[in-house]
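By my numbering, the letter at position 566 of the sequence shown is numbered 582, and the numbering carries on one by one without gaps.
Note that the Cβ used here is the ideal one computed from N, Cα and C, for glycine as well.
Since the model is a prediction, treat every value here as computed from it, not as a measurement.
The structure appears below as structure tokens.
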Amino acid sequence: MTGHLNLAAMSLSQIPPEVMNMYDSTKALVSWFEMVDLSKADFSGNELTQISDTIFPDWSIKEMEDDEEKTNQFAGLETLFLQHNRLTTIPVGLRRMEQLRTLNLSGNNISMTNQLLNIVWQIPQLQNLSLAKCSLRGAVNLSTMGTEQLRSLDLSDNELTEVDLAEGQMATLQSLVLSSNQLESIPWTALAQCALVDLKVASNKLSGTAFARVDGGFDKLKDLDISHNDFSDLGPAFCALASLQSCSISGNSIRSVPDMSGLRSLTTFLAASNKLEHIPESLHSLSTKLKHVDLSNNAIKTVQPELAAMDELTSLNLDGNPLRQRNLLTMSTTELKVHMQKRLDDQPSVFSDDQAEHIAKAPMRSATQPLYKIVNGVLDLSNRSLTSVSPSSIDFASKAQVVHTLRLSNNDLSALPTELLQHPSIANHLQSLDISHNAKLHSSNYLTSRLCLPALRSLYVVSTGLTALDAFTANLVAPELIELNISCHRISGPIPNIRAYFPKCRLLLASDNWFSSVTAEDIRGLEVLDIRNNQIDSLPVDIGLLGNHDDRQEPGRLRSLEVAGNPFRVPRIAVVEKGTEAVLKDLRRRVPTSEVPAEWEEEIQ
Numbered sequence: 017m018t019g020h021l022n023l024a025a026m027s028l029s030q031i032p033p034e035v036m037n038m039y040d041s042t043k044a045l046v047s048w049f050e051m052v053d054l055s056k057a058d059f060s061g062n063e064l065t066q067i068s069d070t071i072f073p074d075w076s077i078k079e080m081e082d083d084e085e086k087t088n089q090f091a092g093l094e095t096l097f098l099q100h101n102r103l104t105t106i107p108v109g110l111r112r113m114e115q116l117r118t119l120n121l122s123g124n125n126i127s128m129t130n131q132l133l134n135i136v137w138q139i140p141q142l143q144n145l146s147l148a149k150c151s152l153r154g155a156v157n158l159s160t161m162g163t164e165q166l167r168s169l170d171l172s173d174n175e176l177t178e179v180d181l182a183e184g185q186m187a188t189l190q191s192l193v194l195s196s197n198q199l200e201s202i203p204w205t206a207l208a209q210c211a212l213v214d215l216k217v218a219s220n221k222l223s224g225t226a227f228a229r230v231d232g233g234f235d236k237l238k239d240l241d242i243s244h245n246d247f248s249d250l251g252p253a254f255c256a257l258a259s260l261q262s263c264s265i266s267g268n269s270i271r272s273v274p275d276m277s278g279l280r281s282l283t284t285f286l287a288a289s290n291k292l293e294h295i296p297e298s299l300h301s302l303s304t305k306l307k308h309v310d311l312s313n314n315a316i317k318t319v320q321p322e323l324a325a326m327d328e329l330t331s332l333n334l335d336g337n338p339l340r341q342r343n344l345l346t347m348s349t350t351e352l353k354v355h356m357q358k359r360l361d362d363q364p365s366v367f368s369d370d371q372a373e374h375i376a377k378a379p380m381r382s383a384t385q386p387l388y389k390i391v392n393g394v395l396d397l398s399n400r401s402l403t404s405v406s407p408s409s410i411d412f413a414s415k416a417q418v419v420h421t422l423r424l425s426n427n428d429l430s431a432l433p434t435e436l437l438q439h440p441s442i443a444n445h446l447q448s449l450d451i452s453h454n455a456k457l458h459s460s461n462y463l464t465s466r467l468c469l470p471a472l473r474s475l476y477v478v479s480t481g482l483t484a485l486d487a488f489t490a491n492l493v494a495p496e497l498i499e500l501n502i503s504c505h506r507i508s509g510p511i512p513n514i515r516a517y518f519p520k521c522r523l524l525l526a527s528d529n530w531f532s533s534v535t536a537e538d539i540r541g542l543e544v545l546d547i548r549n550n551q552i553d554s555l556p557v558d559i560g561l562l563g564n565h566d567d568r569q570e571p572g573r574l575r576s577l578e579v580a581g582n583p584f585r586v587p588r589i590a591v592v593e594k595g596t597e598a599v600l601k602d603l604r605r606r607v608p609t610s611e612v613p614a615e616w617e618e619e620i621q
């Protein structure tokens, strides 16, 4: 046994009674000496409406030591996933979970904010808490006892109006997500004393000066998102964020940006849809680090030639600005830098003849004239060497014009174009997204904020730069996703339980990676699984029990399993070459007789 209990995405309306008997020696399927304490339980993606107090009894360890009749088999849990269920309350006994460090309750309907938090704050070792999209309302007090040890807290997508935090209260907090609430203010000075690495407060009702009255602090902050509020200024403390790597201030009312020369680690700066009249003069001082800049939809009229010296800059978006030299809008970032260099040193153009002819003949385009059109619901932006995509470059002339298919393959994107994907004509209608063959896609930070695509059914991410799926599983909300293709990468570790995050997923194509293991629980519910050419050294025999009975095709059962090109020895290559049914049958016959479910007894015998 591994100490992990995985019952994710199984359409459970209650936790099965069998779970309560796992450690009953008269009913156990394994020997007592093979049993280990549970350290992780995953009940996510089900239909649980409540959890009985008998499952998480409100008993202290001392009470259980004094009374042998009182037991709690979940007492040793370190990780508990309950996200995406229908819970309206949580059992009081959770406060007795003395080893629990990670608790995810996101995507439930626990509207009783105070009652919920009164229980949660009593969990003594809790470090990571997610309460996103839980219908929480009103004020949240983070100054109470029990919050001191928190390292990450996600309260996004609720209806919170106020967050109270005393200075010095949450000194270990590293990640705070408050996006998509109704906050009109946040405790800047108290947050400055936290160990924040990640701070997201996008899509609230914040106004005035960001980092108001802050004097020092935020020394470790790397990722900042204050977009889609109504800030008018950035306080002096913003200039001293030496560790900041990614910053989004888009969608505010900011007219000028203070001196940025102190932001020596900054690689991404997003300031679209503000009221900027000039490109920040200090931007060129970040030439050794800054790679991505979005200043679209502002009031910028001129471009400084000093931009030519920004060697690392690969993406500069100026669409939607009333530039005096409108031909600059037709240039790529590279062409723009070369053009600015010519103005700097007054040397002959370094464009090739073909480039010079292309720029000379380029049609003049107004700041608001779109480049790309939607044809029959398909927006095809593939094979265009794009480093970024702004909504202003798309022809959304008709409100009835929606996008159900978006093709972004064979470009130079380093991250998903979230601003485009969140456009009303795309976000709620997109069914198919292809971002394959973007070799410059960041290995892990390709999606740094929450992205909701409620209609998405197919996602193709083939042969890009990513090395992990964490950004997708943490930030992408796609409840209708059926097909996921992540082939041709260097993703390592076990095959992930995709259905824990995308409960309706039935097709997972993950060939040509570095995956090292697979379990039956993590692929349960899939109908098509392709894990060819990985590093899997064994196939668990209980995978055979996931197949179809006889020749029947049943929903949620494996009908196609591709496993060739892995180093396992069982089943033999000759069996693998015969196809799915031969592999599953070979695995089934190796299941110990005592572990064969009743539904398979006749076929296996």
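**Item:** Reduced DSSP category for F285 - H, G, I as helix; E, B as strand; rest coil
**Value:** Position 269 of the sequence shown, counted from the first residue, corresponds to residue 285. Three-state DSSP puts F285 in a strand.
**Asked** Under the rule that 16 or more other beta-carbon atoms within 10 Å means buried, what is D411, buried or exposed?
**Response** Along the sequence shown, one-based indexing puts residue 411 at 395. By the 10 Å Cβ count, D411 comes out exposed.
**Item:** Cβ neighbour criterion (16 or more within 10 Å) applied to R359
**Value:** Along the sequence shown, read from residue 1 onward, the residue named residue 359 stands at position 343. It is exposed - the Cβ of R359 has fewer than 16 other Cβ atoms within 10 Å.
**Request:** Keeping to the same chain, check which residues put their C-beta closer than 6 Å to that of L574; ignore five residues upstream and five downstream.
**Result:** Taking the sequence shown and counting its residues from 1, one reaches residue 574 at position 558. Around L574, the same chain offers L562, G563 as residues with beta carbons nearer than 6 Å, after the five sequence neighbours per side are excluded.
**Message:** Only counting the same chain, and skipping five residues up and downstream in sequence, which positions put a Cβ closer than 8 Å to that of S460?
**Reply:** Position 444 of the sequence shown, counted from the start, is the residue given in the question as residue 460. Excluding residues within five positions, the ones whose Cβ falls inside 8 Å are L482, T483, A484, D486, A487.
**Prompt:** Going by beta carbon distance, what residues of the same chain come within less than 6 Å of S289, once the five residues before and after it are set aside?
**Reply:** Within the sequence shown, residue 289 is the residue found at index 273, counting from 1. Answer for S289: S266, G267, N313, listed in chain order.
**Message:** For the beta strand (DSSP E) containing V156, name the first residue and the last one.
**Reply:** The residue you call residue 156 lines up with position 140 of the sequence shown. Its beta strand (DSSP E) spans residues 153-157.
**Message:** Classify G560: buried if its beta carbon has 16 or more other beta carbons within 10 angstroms, exposed otherwise.
**Reply:** Here residue 560 corresponds to residue number 544 of the sequence shown, with the count starting at 1. Its Cβ being crowded by 16 or more others within 10 Å, G560 is buried.
**Prompt:** Who does I442 pair with in a DSSP beta bridge?
**Reply:** By 1-based counting over the sequence shown, the position of residue 442 is 426. Residue pairing by DSSP places I442 opposite no residue, since no beta bridge is assigned to it.
**Request:** Mind the definition here: the stretch 429-437 touches the stretch 213-230 only if three or more C-beta pairs lie below 8 Å; say whether that holds.
**Result:** The count of Cβ pairs closer than 8 Å, one atom from the stretch 429-437 and one from the stretch 213-230, stays below three, leaving the stretches out of contact.
**Message:** Given a cut-off of 8 Å on the beta-carbon distance, is the pair L525 and D538 in contact?
**Reply:** Locating residue 525 in the sequence shown gives position 509, counting from the first residue. Locating residue 538 in the sequence shown gives position 522, counting from the first residue. No, the pair does not count as a contact, with Cβ atoms beyond the cut-off.
**Asked** the ligand GDP heavy atoms versus the CB of V213: any closer than 7 Å?
**Response** In terms of ligand content, the structure shown is empty, and the ligand GDP therefore cannot be addressed.
**Item:** Inter-residue Cα distance where the pair is L11 and L311
**Value:** Residue 11 is absent from the structure shown; the chain starts at 17 and stops at 621.
**Rounded Cβ spacing between A443 and L469 (contact assumed at less than 8 Å)** = Residue mapping note: residue 443 aligns to position 427 of the sequence shown, counting from 1. Residue mapping note: residue 469 aligns to position 453 of the sequence shown, counting from 1. Yes, they are in contact, since the Cβ atoms of A443 and L469 sit about 6 Å apart, within 8 Å.
**Prompt:** Who are the near neighbours of S448 in its chain, counting only those whose CB is closer than 6 Å to its CB and skipping five residues on each side?
**Reply:** Here residue 448 refers to the residue found at position 432 of the sequence shown. Contacts found: T421, S474.
**Item:** Helix, strand or coil at G20 [DSSP, three-state]
**Value:** For the purposes of this step, residue 20 is taken as the residue at position 4 of the sequence shown. At residue 20 the sequence reads His, which differs from the Gly that was named. The answer is strand: DSSP assigns H20 an E or B state.
**Request:** State the start and end residues of the unbroken alpha helix (DSSP H) segment that holds V591.
**Result:** In the sequence shown, the residue the question calls residue 591 occupies position 575. Element bounds for V591: 589-592.
**Asked** Among the residues of its own chain, which have a CB less than 7 Å from the CB of V418, if the five just before and after it don't count?
**Response** As a working mapping, residue 418 is identified with position 402 in the sequence shown. G393, S441, H445.
**Prompt:** Taking P321 as the reference, which of S68, S331, E297, N333 has the closest Cα?
**Reply:** Indexing the sequence shown from 1 puts residue 321 at position 305. If you compare the alpha carbons of S68, S331, E297, N333 with that of P321, the shortest gap goes to E297.
**Request:** Return yes when the Cβ of C504 is within less than 8 Å of the Cβ of S479, no when it is not.
**Result:** Walking along the sequence shown from the start, residue 479 turns up at place 463. Walking along the sequence shown from the start, residue 504 turns up at place 488. In this structure, C504 lies closer than 8 Å to S479 by Cβ.
**Asked** Is E178 closer than 8 Å to R153 when the C-beta atoms are compared?
**Response** By 1-based counting over the sequence shown, the position of residue 153 is 137. By 1-based counting over the sequence shown, the position of residue 178 is 162. Result no, Cβ atoms of R153 and E178 do not sit closer than 8 Å.
**Asked** Assuming S196 contacts D173 under a Cβ cut-off of 8 Å, what Cβ separation, rounded to an integer in Å, is found between them?
**Response** Stepping through the sequence shown from its first residue, residue 196 is reached at position 180. Stepping through the sequence shown from its first residue, residue 173 is reached at position 157. At roughly 5 Å, the Cβ-Cβ gap stays under 8 Å, so S196 and D173 are in contact.
**Prompt:** DSSP state of D396, grouped into three classes?
**Reply:** Indexing the sequence shown from 1 puts residue 396 at position 380. Reduced to three states, the DSSP call for D396 is strand.
**Exposed unless 16 or more other CB atoms sit within 10 angstroms - verdict on S264** = Mapped onto the sequence shown, residue 264 falls at position 248. Per the 10 Å Cβ criterion, buried.
**Request:** Could you spell out where the beta strand (DSSP E) holding E178 opens and where it closes?
**Result:** Within the sequence shown, numbered from 1, the residue matching residue 178 stands at position 162. E178 -> beta strand (DSSP E) spans 175-180.
**Whole-angstrom C-beta distance between L145 and V136, which should lie under 8 Å** = As a position in the sequence shown, residue 136 is number 120, starting the count at 1. As a position in the sequence shown, residue 145 is number 129, starting the count at 1. Confirmed, about 7 Å.
**Same chain, Cβ closer than 7 Å to L260, neighbours up to 5 away in sequence not counted** = The count along the sequence shown starts at 1 and reaches residue 260 at position 244. Within the same chain, L260 has close Cβ partners L237, K238, L240, L279, S281, L282.
**Message:** Let me make sure I understand the geometry here. Which of F72, T350, S127, I451 has the alpha-carbon closest to that of T330?
**Reply:** Working through the sequence shown from its first residue, we reach residue 330 at position 314. Closest option to T330, Cα to Cα, is T350.
**Prompt:** Can you round the beta-carbon distance between L603 and P587 to whole angstroms, since I take them to be within the 8 Å contact cut?
**Reply:** Along the sequence shown, read from residue 1 onward, the residue named residue 603 stands at position 587. Along the sequence shown, read from residue 1 onward, the residue named residue 587 stands at position 571. Right, the Cβ-Cβ distance comes to about 7 Å (below 8 Å), so this counts as a contact.
**Request:** Could you round the C-beta distance between M113 and I139 to whole angstroms and report it? I think they count as a contact, below 8 Å.
**Result:** Translated into positions along the sequence shown, residue 113 becomes position 97. Translated into positions along the sequence shown, residue 139 becomes position 123. M113 to I139, Cβ: 6 Å. Contact.
**Request:** Give every residue of the same chain whose Cβ lies closer than 6 Å to the Cβ of D249, excluding the five residues on either side of it in the sequence, and list them in chain order.
**Result:** Here residue 249 corresponds to residue number 233 of the sequence shown, with the count starting at 1. For D249, where only same-chain residues beyond five positions count, the Cβ hits under 6 Å are T225.
**Asked** How about G92 and D53: do their beta carbons lie closer than 8 Å?
**Response** Residue 92 sits at position 76 when you count from the first residue of the sequence shown. Residue 53 sits at position 37 when you count from the first residue of the sequence shown. Yes, Cβ-Cβ distance for G92 and D53 is below 8 Å.
**Prompt:** Of the choices A413, S408, K456, D69, whose alpha-carbon is the least far from that of E435?
**Reply:** Taking the sequence shown and counting its residues from 1, one reaches residue 435 at position 419. Ranked by Cα distance from E435, the options A413, S408, K456, D69 are led by S408.
**Request:** For G541, name the three-state secondary structure that DSSP assigns.
**Result:** Taking the first residue of the sequence shown as position 1, residue 541 is located at position 525. Reduced to three states, the DSSP call for G541 is coil.
**Prompt:** What distance in whole Å lies between the Cβ atoms of N245 and K216, which are believed to be in contact at a cut-off of 8 Å?
**Reply:** Residue mapping note: residue 216 aligns to position 200 of the sequence shown, counting from 1. Residue mapping note: residue 245 aligns to position 229 of the sequence shown, counting from 1. Rounded, the Cβ-Cβ distance is 12 Å, inconsistent with contact.
**Asked** Contact check, I242 vs A206 under 8 Å by CB: the rounded distance?
**Response** Here residue 242 refers to the residue found at position 226 when the sequence shown is read from its first residue. Here residue 206 refers to the residue found at position 190 when the sequence shown is read from its first residue. Contact doesn't hold; Cβ gap of about 16 Å is too wide.
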